[in-house]
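FYI, in the UniProt record's numbering the residues of the sequence shown are 1 to 698. The structure appears below as structure tokens.
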Amino acid sequence: MPPGVFPTVHGDADKQPLKATALSTVRTAVSIPESELKRWKRTFEAHAKVISNGEKFLDQESFVNAIAPKGDLGKIGRAQFGLLFRVADTSKRGLVSWDDFTVFETVLKRPDADYWMAFQYFDVDHSGYITFDEFKHVFIANVGPDAIPFNFDCDWVKLYLGKKNGTHVLGYNEFTQLMKGLQEERLRQAFKYLDEDQDGFIRPDQFKRIILELAGHKLSAAVIDRLPTLCTLTPGQRISYSEVVAFHNVIKEMDMSARMIREATAKSKDGRIDQSDFLNYSASSSRYSLFTPMEASIIFHFAGRGVPSARLALLDFAQLLDPRWRPPHEQFETPATSTSFLQGALHSMYNFMQGGIAGAFGATIVYPIDLGDMQNQRNTVVGQVLYKNSIDCAKKILRNEGVLGFYRGLGPQLIGVAPEKAIKLTVNDLIRAKTMDPETGRIKLFWEMIAGGAAGGCQVIFTNPLEIVKIRLQIQGEAAKLEGAVAKGAIHIIRQLGLLGLYKGATACLLRDIPFSAIYFTAYSHLKKDVFHEGYNGKHLSFGETLAAAGIAGMPAAYLTTPADVVKTRLQVESKQGQTNYRGVRDAFIKIYREEGFRALYKGGPARVIRSSPQFGFTLLGNDLLSLVNVASHNWYQYPWQDKPVQVETALTSRPDEMSRIRARNALKILLDVHGDFGRRAAASGGALSLVNPRLSS
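Here you go:
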């Protein structure tokens, strides 16, 4: 599709062949899947308001709703997307038909759609070229009379808009370069215009005026308020041209600044960087220096609130990197009737419920593996050994009890595992949150271990009764088959043990669960962050990565704590005639070692790895997935009183939108680079652009 061949549809009968030809040309130039056309059709039908002669159309408001990105647009007003309506409305009748919308969406699939749209907006007569008059009149019509004057008769404009047959013209490729360099020329002219003394300095208020016109839509309100403080970087309370250019370069390279800052803080030991760290990392990450010392000073001046020598965390840079940034107290409102204590209690209850669901999910998946636990197999048993190994165990259970036999005792397991896993996840998250640096999100290794260990210790109140009942149910099932007896239920076992009996072996349970959780949660956290790079440039782990991190973390935790688990199991199982009795944890360790050898302490270790790794893997995967669904749904079971932490949103971390909407937004940003208010007057007037009148025609 050659430059300038953008279909002009007037709606008359004699113009219809032109429309058909244009649509065919666009669709041929870009391959459009049928599914894509159907999606466009659904969007068009959902927003079309005007019906004429049985045909549906989009007016300017419904067109904006159809193509504007969702969510907060920052400093870009939704009405300004009306600029793109003027590009799509090729018939100039104030309506966009289905064919017009198809052409517009097809053009958005071009890799250069943002510049292409800007070119179409300036090419008022659709000639395929932009004349000097077109460029000048479109510029003036959209910036307003109060803008800093721009000299169109300057050498810079003449270099781009050369003469052909006595007329100034600009092709598409030349136009893209002109638009890329236009801000620099406007910056130079604006500084020269305001520098009345021609001494190379302007006042802080004049600097603020320049930045507001050229890039106000790219900055947060906090940075805009502090623009005049740039004068404090050098003596004299005035701002030089070098400082103005340096500040503008920082804005122009904002996405690269965000990337360098994210990566540098992520690799820093304490999650903070100073100006030297930033420059060093930038130099090591690129072939040439991306930022000058002055530009780095400006970044740290505005991020450090006037203290450029401070070591800053990623959140400190938020107000500079994110134009939608607001002070934390303005980003959410706490109900007046709530208190911090009540909020904490509600939040803990919410996390408890979520952890319980995740725990039940993980336990159900791996329960058949748990049933084949060989830790109670003793060499000193009188008579026949029940199981030779885990495979033999599985075969006998399947033969004697069927598939349902693998889930014997699952009911009590789920009743106990939900609060067990819930309290473990809740306590771990609570302690980590209390000991974490709120600005960097980092936590020291010592506190990671403490958080995990405390979580493991707290869960024993549920773990011990659960496991002693579960073990006795599992052991008696096969024994009852061999002896021709009737298996007893969980209620019978609980009555038999009594309250104190339910906590038999609790000391061994603590010796197992405290180090297990300390190792597990710490390893899981570091695997996600250091191996799979969660959060690196906004990365979210996939299903497989989360499961792998959780599963790998469980391997050393499960195997290294096997001796304590063996002792706990022996203490909790009811001894039969001829079996060794144990008086306590120390006695059990000594007797198992003397009678069965050191290897007996690690009996069932591989089975624990096979069981515990996937169980905790699926539990944490379920917990993470519930958290993601919670964030995405916004209304299903979301915790309603949660304080949302400040996030640093940039192109790297914002929720991905459809590529067509992103390109539509970027096309508008190219026009806004001409002037921050570009299009507001045009959108408000609703009139078409005219070459006869440099303002807006009615």
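Idealized CB from N, CA, C, for every residue including glycine.
Proximity below 8 Å, CB of residue i to CB of residue j
i           : j           : result
residue 239 : residue 202 : yes
residue 699 : residue 68  : Because the chain spans 1 through 698 in this model, residue 699 falls outside it and cannot be assessed.
residue 451 : residue 431 : yes
residue 84  : residue 664 : yes
residue 291 : residue 285 : no
residue 509 : residue 568 : yes
residue 268 : residue 277 : yes
residue 313 : residue 359 : no
residue 619 : residue 362 : yes
residue 224 : residue 212 : yes
residue 244 : residue 273 : no
residue 561 : residue 495 : no
residue 518 : residue 114 : no
residue 422 : residue 356 : yes
residue 215 : residue 622 : no
residue 300 : residue 319 : no
residue 175 : residue 140 : no
residue 88  : residue 99  : no
residue 323 : residue 220 : yes
residue 493 : residue 472 : yes
Cut-off 6 Å between Cβ atoms - residues of its own chain near residue i, not counting five sequence neighbours on either side
i           : result
residue 448 : 522
residue 310 : 304
residue 678 : 142, 671 and 672
residue 383 : Per-residue confidence for residue 383 stands at a pLDDT of 46, beneath the threshold of 50, marking its modelled position as unreliable; the derived number appears in the next sentence. None.
residue 62  : 47 and 49
residue 218 : 251 and 323
Span of the alpha helix (DSSP H), counted from its first residue to its last, around residue i
i           : result
residue 539 : Here residue 539 belongs to no alpha helix (DSSP H), and DSSP marks it neither H nor E.
residue 106 : 98–108
residue 522 : 506–526
residue 124 : It is not in any alpha helix (DSSP H) - residue 124 carries neither H nor E in the DSSP assignment.
residue 267 : 254–267
residue 529 : Run containing residue 529: none; DSSP gives neither H nor E here.
residue 208 : 204–215
Proximity winner among the options, relative to residue i (alpha-carbon distances)
i           : options               : result
residue 614 : 557, 33 and 601       : 557
residue 453 : 147, 514 and 205      : 514
residue 468 : 565, 421, 542 and 442 : 565
residue 222 : 168, 275, 516 and 317 : 317
residue 531 : 519, 458 and 546      : 546
residue 606 : 441, 563 and 184      : 563
residue 420 : 399, 464, 435 and 437 : 464
residue 586 : 519, 552, 560 and 507 : 507
residue 149 : 189, 125 and 135      : 189
residue 123 : 525, 157, 280 and 86  : 86
residue 182 : 595, 159, 197 and 623 : 159
residue 296 : 287, 266 and 258      : 258
residue 207 : 104, 592 and 247      : 247
residue 571 : 559, 592 and 551      : 592
residue 118 : 99, 92 and 138        : 138
residue 393 : 604, 500, 434 and 499 : 604
residue 81  : 91, 95 and 64         : 64
N-terminal and C-terminal residue of the beta strand (DSSP E) that residue i is part of
i           : result
residue 159 : Counting along the chain, residue 159 falls outside any beta strand (DSSP E), though it belongs to the alpha helix (DSSP H) covering 155–160.
residue 192 : Taken as a continuous stretch (DSSP letters only), residue 192 belongs to no beta strand (DSSP E), being part of the alpha helix (DSSP H) at 172–194.
residue 590 : Run containing residue 590: none in the beta strand (DSSP E); it sits in the alpha helix (DSSP H), 585–596.
residue 57  : 55–57
Where residue i falls: helix, strand or coil (DSSP)
i           : result
residue 635 : Unreliable placement is indicated for residue 635, whose pLDDT of 39 sits below 50; the coordinate value is still reported in the next sentence. In the structure shown, residue 635 sits in coil (DSSP, three-state: anything other than H, G, I, E or B).
residue 138 : helix
residue 469 : helix
residue 168 : strand
residue 244 : helix
residue 50  : strand
residue 292 : coil
residue 131 : strand
residue 694 : Its pLDDT being 35, under 50, residue 694 is placed unreliably in this model, and the value from its coordinates should be taken loosely. Looking at residue 694 - three-state DSSP - the assignment turns out to be coil, as it is neither helix nor strand.
residue 152 : coil
residue 272 : strand
Residues near residue i by beta carbon distance below 7 Å, same chain, minus five either side
i           : result
residue 97  : 55 and 57
residue 132 : 161 and 168
residue 553 : 520, 523, 524 and 527
residue 460 : 506, 509, 510 and 513
residue 723 : Lying before the first or after the last residue shown, residue 723 is absent from the chain, which here runs from 1 to 698.
residue 582 : 570, 571, 588 and 591
Contact set for residue i: own chain, Cβ-Cβ below 8 Å, skip 5 residues either direction
i           : result
residue 204 : 227, 228, 229, 230, 231, 237, 238 and 239
residue 37  : 102
Minimum Cβ-Cβ distance from residue i to chain D less than 8 Å
i           : result
residue 468 : Checking the listed chains, one finds no chain D in this structure; it contains a single protein chain.
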